[in-house]
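Asker: Would you mind keeping the following structure in view while I ask a few things?
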Amino acid sequence: MGSYILESEPQILELSYYAGLGSKNSQGFEMWDLL
């Protein structure tokens, strides 16, 4: 858990939002949300 700042092109951020980040994203981990 923690707060992070992600900076990238909008298309890359959208991809990471829907695909997840990290190695355990298929199990529901590594999800993020806009604050």
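Going left to right, the sequence shown walks through residues 647 to 681 as this note's numbering numbers them. Glycine is no exception: its CB is placed at the ideal position from the N, C-alpha and C atoms. Note that the coordinates shown come from a computational prediction; the quantities given were computed from them, not determined experimentally.
1. Quick check: is any heavy atom of the ligand ATP less than 8 Å from the C-beta of Glu653?
2. Rounded to the nearest angstrom, how far is the Cβ of Leu652 from that of Leu661, given a contact under 8 Å?
3. CB-CB under 6 Å to Tyr663, same chain, minus the five flanking residues each way: which ones, in chain order?
4. Please report the residue range of the alpha helix (DSSP H) in which Gln657 lies.
5. Taking the alpha carbon of Gly666 as the reference point, which residue from Pro656, Trp678 and Glu655 has its own alpha carbon closest?
Answerer: Checking against the coordinates, here is how it stands:
1. With respect to the ligand ATP, the structure offers nothing, as it holds no ligand at all.
2. Translated into positions along the sequence shown, residue 652 becomes position 6. Translated into positions along the sequence shown, residue 661 becomes position 15. Going by Cβ atoms, the distance from Leu652 to Leu661 rounds to 12 Å, so no, they are not a contact pair.
3. What you label residue 663 is simply residue 17 of the sequence shown in a count that begins at 1. Excluding positions up to five away in sequence, the list is empty.
4. By one-based count along the sequence shown, residue 657 stands at place 11. Run containing Gln657: Pro656 to Ala665, per the alpha helix (DSSP H) assignment.
5. The residue you call residue 666 lines up with position 20 of the sequence shown. Ranking Pro656, Trp678 and Glu655 by Cα distance to Gly666 puts Trp678 first.
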